[in-house]
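Asks: Residue numbers (my numbering): 3 to 128. Where a beta carbon is used, it is the ideal one built from N, C-alpha and C, also for glycine. From a predicted model like this one, the values you see are computed outputs, not experimental measurements.
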């Protein structure tokens with residue numbers, strides 16, 4: 003955080019995307035991804051890639067290389083993003099069960115290309 007030349011406090015933020023905000027997620031919600039339905043699980047595609055056939059569990063976020071410098075007054079809230087195993091351990095505890103600001107890292111997303119990669123490094127096919 004620093005002070006801008008206009009005396010405003012500025013912070014550099016990294017963007018995270020909800021699954022439905024990704025290009026694949028938007029196509030699924032539009033009905034443009036045919037034959038994938040809402041079935042649970044994943045299917046392996048060619049070359050070991052994963053085809054996302056299920057709705058990604060709630061509270062998943064994808065990290066990206068997208069960064070912005072924003073006036074601190076535009077920040078509405080913060081959240082905590084942890085690995086999936088840690089998230090599952092935390093949500094089993096009563097202390098964290100009702101937290102609305104707790105998410106797990108599902109993978110990475112490139113908003114310019116629409117490419118999704120799971121946290122395990124496996125590409126997600128559209």
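#1: At the level of alpha carbons, what is the spacing between residue 69 and residue 93?
#2: Closer than 6 Å by C-beta to residue 9: which residues in its own chain qualify, once you throw out the five before and the five after it? Chain order, please.
#3: Could you round the C-beta distance between residue 72 and residue 12 to whole angstroms and report it? I think they count as a contact, below 8 Å.
#4: Quick one: measure Cβ to Cβ for residue 115 and residue 65, integer angstroms, because I've assumed they're closer than 8 Å.
#5: Label residue 126 either buried or exposed according to how many other C-beta atoms from any shown protein chain fall within 10 Å of its C-beta, with 16 as the threshold for buried.
#6: Which residues in the same chain have their Cβ closer than 7 Å to the Cβ of residue 102, if we skip the five residues on either side of it in sequence?
#7: Tell me where the beta strand (DSSP E) around residue 65 begins and ends.
#8: Does the distance from the CB of residue 106 to the CB of residue 84 come in under 7 Å?
#9: To the nearest angstrom, how far is it from the Cα of residue 19 to the Cα of residue 27?
Replies: So, from the data block:
#1: Within the chain shown, the letter at position 67 stands for residue 69. Within the chain shown, the letter at position 91 stands for residue 93. The straight-line gap from Cα to Cα measures roughly 29 Å.
#2: As a position in the chain shown, residue 9 is number 7, starting the count at 1. Cβ within range, chain order: n/a, list empty.
#3: Mapped onto the chain shown, residue 72 falls at position 70. Mapped onto the chain shown, residue 12 falls at position 10. About 7 Å separates the two Cβ atoms, so the contact holds.
#4: Position 113 of the chain shown, counting from 1, holds the residue named residue 115. Position 63 of the chain shown, counting from 1, holds the residue named residue 65. Rounded, the Cβ-Cβ distance is 15 Å, inconsistent with contact.
#5: On the chain shown, residue 126 is found 124 positions in, with the first residue counted as 1. A buried status is given to residue 126, since no fewer than 16 other beta-carbon atoms sit within 10 Å of its beta-carbon.
#6: Residue mapping note: residue 102 aligns to position 100 of the chain shown, counting from 1. Taken in chain order, the list of residues that qualify is empty.
#7: Working through the chain shown from its first residue, we reach residue 65 at position 63. 62 to 73 is the extent of the beta strand (DSSP E) around residue 65.
#8: Sequence index remark: in the chain shown, residue 106 carries index 104 (1-based). Sequence index remark: in the chain shown, residue 84 carries index 82 (1-based). It is a contact, given that the beta carbons lie within the stated cut-off.
#9: Locating residue 19 in the chain shown gives position 17, where the first residue counts as 1. Locating residue 27 in the chain shown gives position 25, where the first residue counts as 1. Taking the Cα positions, residue 19 is about 10 Å away from residue 27.
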